[in-house]
């Protein structure tokens, strides 16, 4: 199954999950660390007054993933909002645990690429990682500095690491897929991206796909539009080519999202805990998945009216 087929299977809510208390999600993303070395202007992480410094404890990770496996979760993403290569030893241990001990069928990772050195990539591929996706969202160093908010040298570093990952995969005959995604821009910027992708990315990945620029809940305002030069699309509607209706939002029905401190959240862009549905430090995964706040929120989505809920401020409904 291709990466886009897997994405589409998660973002398309099946009839079995169109209920207040759906079965366990097929996929769960777990934030190993809230830290990130990029400062992307469109990312919900940038709205945190105090940037996170802590990582998830491996004891907590083991316990919640056992819960998830027993509940029927098949896919584990070892990231959420933070950059998992910021904690490379924890990342490696998490891959080994998920693949060798719990035997999850599919373990995947998305990275900005700048810290994904060839040796780190070799280790996690050898541990059994199934999918490594690079987020490539700038066409050149100038745009990279403006949007990602960090030094231009990291633009080249990320591309070099992506290309090296392909060499590592092929040399080691690892079964890990290598993918890339990019924000779809308009006009002249779109042509710049096309040319860069054709040279630097497409020859080295198994598949590339485009994403709309997400609004990331209420974390967008006129100042951000002016500084970055573009307006986001509504909510998280999936990938270009298979966009989903904003209501009901698939994020609350078909994919779990867990922060580094163990909070199960209803939103794929929750940076400040306002979408917390349960604390997995104290609560079993399925109990949190079926918590009263989560069921009430899903009922509002199923009723196609999220006014008065924590979701009402999302750009998808403004």
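Residue numbers (my numbering): 1453 to 1770. For glycine and all other residues, C-beta sits at the position ideal for the given N, C-alpha and C.
Residue 1456 sits in a helix when the DSSP states are folded into three classes.
For residue 1624, the enclosing alpha helix (DSSP H) stretches over residues 1605 to 1624.
The C-beta separation of residue 1561 from residue 1530 comes to about 5 Å, placing the pair in contact by the 8 Å criterion. Note on geometry: alpha-carbon atoms of residue 1554 and residue 1525 lie some 11 Å from one another. A Cβ-Cβ separation of about 7 Å places residue 1582 in contact with residue 1629 under the 8 Å criterion. For residue 1747, same chain residues with a beta-carbon under 8 Å away, outside a window of 5 residues either side, are 1472 and 1473 in chain order.
Contact annotation: the segment 1737 to 1754 does not touch the segment 1689 to 1698, with fewer than three C-beta pairs closer than 8 Å. Rounded to whole angstroms, the gap between the alpha carbons of residue 1713 and residue 1706 is 21 Å.
Looking at the DSSP output, residue 1715 sits in a beta bridge with 1731. The segment 1472 to 1486 and the segment 1534 to 1546 touch, with three or more beta-carbon pairs separated by less than 8 Å. Look at the beta carbons and you see the segment 1643 to 1657 touching the segment 1573 to 1591: at least three pairs across the two are nearer than 8 Å.
Bounds of the alpha helix (DSSP H) holding residue 1542 are 1540 to 1548. The straight-line gap separating the alpha-carbon atoms of residue 1492 and residue 1722 is approximately 16 Å.
If only complete runs of 4 or more residues are kept, the segment 1573 to 1600 shows the alpha helix (DSSP H) at 1593 to 1600, in order along the chain. Leaving aside the five residues that flank residue 1551 on each side, the residues in its chain whose CB is nearer than 7 Å to its CB run, in chain order, 1559, 1579 and 1580. The bridge partners DSSP lists for residue 1630 are 1584. Distance between residue 1456 and residue 1691, taken at the CA atoms: about 8 Å. Residue 1482 and residue 1640 have their C-alpha atoms roughly 36 Å apart.
At least 8 Å separates the beta-carbon of residue 1758 from that of residue 1732. Cβ neighbours of residue 1576 within its own chain (closer than 7 Å, five residues either side excluded): 1543, 1544 and 1547.
Taking 8 Å as the cut-off, the beta carbon of residue 1520 is found closer than this to the beta carbon of residue 1737. With 16 or more neighbouring CB atoms inside 10 Å of its own CB, residue 1563 falls in the buried class. Look at residue 1469 here: in three-state DSSP terms it is helix.
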